[in-house]
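Beneath this line is the structure, given in structure tokens, with notes to follow.
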Amino acid sequence: AQSVTQLGSHVSVSEGALVLLRCNYSSSVPPYLFWYVQYPNQGLQLLLKYTSAATLVKGINGFEAEFKKSETSFHLTKPSAHMSDAAEYFCAVSDGSQGNLIFGKGTKLSVKP
Amino acid sequence: EPEVTQTPSHQVTQMGQEVILRCVPISNHLYFYWYRQILGQKVEFLVSFYNNEISEKSEIFDDQFSVERPDGSNFTLKIRSTKLEDSAMYFCASSADRGPTDTQYFGPGTRLTVL
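Pasting the structure below:
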């Protein structure tokens, strides 16, 4: 069965600093992986997804993630944090052919001025 | 940009009462989902729905839960007799297709509080 683990329930960075949010997956089949973001009082919004076409995936708002099979990881990065990046970020894996998503617990990102 | 909407944003109910959570999926989408997140825990899949029937459901989705698409726009989740442990944020999602790579679009959620 597929699962994802997000390391760090809360990450704090300074504005302009590198953002690194960690996600490791467990899957018996090639995984399809997603990062979603949730801003306060809003729904989950897709940032990017890995569908096996390319290991480095670029998403919206300057975020990207790299699929590393050897490390079973799909970490989310952004070179320079902005105050508007403060939100909760969820990593998810698609559960087989049905497409139902299995989520991690989420990482809350705080950005300090 | 089209979006999924949910009402109400917050529902407070007494244990044992029935609640109906409402969702309006994106208009040309065919696949609908409910997820929930208990405070401090993971977002969990409840049920998927297509062509007026349940496609898949999790162990959480027991006989107390039901889903319906009563008209061409709404998608509802009913909990017949709420329990304290049903307190959670409930998210509705929709997608144009249902494959492992298709994007699900989520609503803002309904926070259900059972007293």
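Listed in order, the protein sequences are those of chains A and B. In terms of our numbering, the first sequence opens at residue 6 and continues consecutively. In terms of our numbering, the second sequence opens at residue -15 and continues consecutively. Note that the Cβ used here is the ideal one computed from N, Cα and C, for glycine as well.
Residue burial classification, residue i (beta-carbon count within 10 angstroms, cutoff 16)
i, result
"P54(B)", "exposed"
"T60(A)", "exposed"
"K26(B)", "buried"
"R20(B)", "buried"
"S(-7)(B)", "exposed"
"E28(B)", "buried"
"T112(A)", "buried"
"L38(A)", "buried"
"T94(B)", "buried"
"L68(B)", "exposed"
"I38(B)", "exposed"
"P92(B)", "buried"
"G104(A)", "buried"
"I22(B)", "exposed"
Residues sharing a beta bridge with residue i, DSSP
i, result
"E52(B)", "T60(B)"
"N35(B)", "None, per the DSSP bridge assignment."
"Q(-5)(B)", "L96(B)"
"R6(B)", "T(-9)(B) and T60(B)"
"E43(B)", "Its beta-bridge partners do not exist; DSSP assigns none."
"S115(A)", "S17(A)"
"L106(A)", "S99(A)"
"T66(B)", "Paired residues: none, contrary to the question."
"T85(B)", "Partner(s): none; T85(B) has no beta bridge."
Inter-residue CB distance, residue i and residue j (contact presumed, cutoff 8 Å)
i, j, result
"S99(A)", "T85(B)", "7 Å"
"S17(A)", "K117(A)", "6 Å"
"S79(B)", "H13(B)", "6 Å"
"V9(A)", "C28(A)", "6 Å"
"W18(B)", "V8(B)", "Between V8(B) and W18(B) the Cβ distance is about 14 Å, and since that is not below 8 Å, they are no contact."
"S57(A)", "P35(A)", "6 Å"
"I10(B)", "E43(B)", "Contact doesn't hold; Cβ gap of about 28 Å is too wide."
"F16(B)", "F59(B)", "5 Å"
"S115(A)", "A91(A)", "6 Å"
Q) Just checking, does the region 80 to 100 of chain A make contact with the region -10 to 3 of chain B on the three C-beta pairs under 8 Å criterion? A) no
(Q) Give the list of continuous beta strand (DSSP E) stretches no shorter than 3 residues that lie fully inside the region 8 to 80 of chain A. (A) 8 to 12, 15 to 19, 24 to 31, 38 to 43, 49 to 55, 61 to 63 and 69 to 73
Q: Would you check if the region 23 to 40 of chain A and the region 68 to 78 of chain B touch, i.e. whether three or more CB-CB distances between them fall below 8 Å?
A: no
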